[in-house]
Amino acid sequence: MLRPLLDLEKNDILSYLDNNTLEYKIDSSNKETEYSRNYIRHEILPKFDRLNKNYKKNICKTINYFEDLKQNIDEQVTDFL
662 MLRPLLDLEK NDILSYLDNN TLEYKIDSSN KETEYSRNYI RHEILPKFDR
712 LNKNYKKNIC KTINYFEDLK QNIDEQVTDF L
């Protein structure tokens with residue numbers, strides 16, 4: 662799964678929208694914490710941020726590492742077969 666905006670800050674995205682005269686939309690369901698994704702976003706991630714301001718960067722680096730590792734393994738399996 663690709664998440665091209667994962668390592669961007671909200672301010673970066675808002676600036677891009679503003680510079681390109683694009684409208685920012687908010688999905689009202691994003692505020693409802695009964696959805697797991699929103700609960701994580703609103704309850705858990707702020708705690709990570711208080712513990713380590715670099716947590717997003719670290720997560721992105723780890724994701725990239727595992728994507729590269731998977732690609733390497735896939736190539737080796739293909740070569741082997």
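If you want this note's numbering, it's the position in the sequence shown, counting the first as 1, plus 661. A virtual CB, placed ideally from N, CA and C, is assigned to each residue, including glycine.
Going by CA-CA distance only, name the one from the options that's closest to residue i.
| i | options | result |
| --- | --- | --- |
| Arg-664 | Asn-680, Asn-713, Glu-728 | Glu-728 |
| Lys-656 | Asp-735, Arg-702, Glu-693 | The question about residue 656 has no answer, for the chain in this structure spans 662 to 742. |
| Asp-668 | Lys-708, Thr-723, Arg-698 | Thr-723 |
Just curious, the alpha helix (DSSP H) that residue i is in, first and last residue?
| i | result |
| --- | --- |
| Ile-734 | 716 to 741 |
| Asn-672 | 671 to 680 |
Would you report the Cα separation of residue i and residue j, rounded to the nearest angstrom?
| i | j | result |
| --- | --- | --- |
| Leu-742 | Gln-732 | 15 Å |
| Asn-681 | Ile-720 | 29 Å |
| Asn-674 | Asp-740 | Note that residue 674 is Ile in the sequence shown, not Asn. For Ile-674 and Asp-740, the distance between alpha carbons rounds to 41 Å. |
| Asn-715 | Ser-676 | 21 Å |
| Lys-705 | Gln-737 | Checking the displayed sequence, the identity of residue 705 turns out to be Ile instead of Lys. Cα to Cα, Ile-705 sits roughly 38 Å from Gln-737. |
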